[in-house]
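Student:
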Amino acid sequence: MSSDPAFPDRADAIDVIQRELTAFARRARGRAAELHPGLSLVASSILDLVIERDGCLAAELAGHFHLDKSTMSRQVAALEQLGYLDREVDPANRRNHVLRATPEGKRVAREAARRRADAFADRFQDWDDSDVSRLAAYLVRYNSADEHAPNS
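Counting from 1, one number per residue, gives the positions in the sequence shown under UniProt numbering.
Structure below.
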């Protein structure tokens, strides 16, 4: 691998990455309940994406999150029941419904985003700017490679 003495072997480094990303995912699921009370990480991620895209179809969400349609249907129904999502008839195909965030859904998502930003700022307060920039670039690189991988 590189000259980094902490991880002299590529396989060891990959094991550490896998272990640390798993720990990160577990923490993220736990924090989701604090950031979006009453919502799972999946449901809050769905709400965030609907807002980001200014509306979308449930099938698009299912594809984006690699979820089957029945799972997506349950998640969307929960968000609708909470008053965070509405359905509108799709003018391009009246058999479809576009999901849109309600004002309350947008408010809840903004508050969660603010809390998330504060939590990340706190987490990185002892890191220098170049380390934060490097981590950001590595995460973008890692996630973009995933988009182009087979079965992604």
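Every residue gets a Cβ at the ideal spot worked out from N, C-alpha and C, and that includes glycine.
Can you tell me whether Gly-105 is buried or exposed, with buried defined as 16 or more other CB within 10 angstroms of its CB?
Tutor: buried
Student: Measuring only the C-alpha atoms, how far is Ala-136 from Val-50?
Tutor: 24 Å
Student: Need the endpoints of the beta strand (DSSP E) that residue 187 sits in, please.
Tutor: With the chain running from 1 to 152 in the structure shown, residue 187 is simply not present.
Student: Nearest by alpha-carbon distance to Val-98: which of Ala-28, Leu-21, Gly-55, Thr-22 is it?
Tutor: Gly-55
Student: If you reduce the DSSP assignment to three classes, tell me which class Leu-99 lands in.
Tutor: Annotated three-state conformation of Leu-99 is strand, per DSSP.
Student: Between which two residues does the alpha helix (DSSP H) containing Ala-58 stretch?
Tutor: For Ala-58, the uninterrupted alpha helix (DSSP H) run begins and ends at 58-65, by DSSP.
Student: Does the region 81-101 come into contact with the region 113-120, if we say contact requires no fewer than three beta-carbon pairs (one atom in each stretch) closer than 8 Å?
Tutor: no
Student: How many angstroms separate the CA atom of Ser-40 from the CA atom of Val-89?
Tutor: 27 Å
Student: Would the beta-carbon of residue 181 fall within 8 Å of that of Val-42?
Tutor: Here the chain covers residues 1 to 152 and nothing more, so residue 181 does not appear.
Student: Measuring alpha carbon to alpha carbon, tell me which of Ala-25, Arg-26, Ser-45 ends up nearest Leu-85.
Tutor: Ser-45
Student: Under a three-way DSSP split, which group does Ala-28 fall into?
Tutor: Helix at Ala-28.
Student: Is it buried or exposed for Leu-139, if we count other Cβ within 10 angstroms and need 16 for buried?
Tutor: Taking a 10 Å sphere around the C-beta of Leu-139, we find fewer than 16 other C-beta atoms and assign the residue as exposed.
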